[in-house]
Amino acid sequence: MPSICCLLSRILNLALEEQYEGAIGSANQDRVQLVILDMPNLLNIDTSSMAALEDLHNDLESNGMQLALANPRWHVIHKLRLANFLKKIEGRVFLTIGEAIEACLTSKNMLPI
């Protein structure tokens with residue numbers, strides 16, 4: 041089973057590839073603006089996983105993308121709140137992927153630059 045660091049690194053690489061492909065010969069609206077992690081099966085999160093999640097957030101942000109979480113369990117939300125991670129991602133935590141997409145598309149922060 042791959043570690044969380046490997047999974048999050050793969051997610052970042054995929055987002056960067058998509059952003060690069062979208063940037064070639066097209067408008068800003070085609071670039072990746074948001075990465076949504078669907079987390080219903082994540083039962084718990086430890087400090088190393090939280091650090092990896094923070095690294096992913098920082099890497100995405102430095103590349104002009106944002107991170108949102110969908111379907112996290114209450115125990116995970118509680119730990120993320122204690123670590124002030126929810127403030128870092130500006131509260132982008134949603135019950136469903138659909139809600140995450142809808143909220144982020146209508147947000148002023150998600151409009152093309």
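Start counting the sequence shown at 41; every next residue gets the next number (the working numbering).
Note that CB positions come from ideal geometry on N, CA and C, so glycine has one too.
Beta-bridge pairing by DSSP links Ala-108 to Ile-76. The beta carbons of Met-105 and Ala-55 sit about 6 Å from each other, so the pair counts as a contact at 8 Å.
Under the DSSP assignment, Glu-139 falls in the alpha helix (DSSP H) whose first and last residues are 137-146. DSSP links Phe-134 through a beta bridge to Ala-110. For Leu-96, the enclosing alpha helix (DSSP H) has its first and last residue at 87-102.
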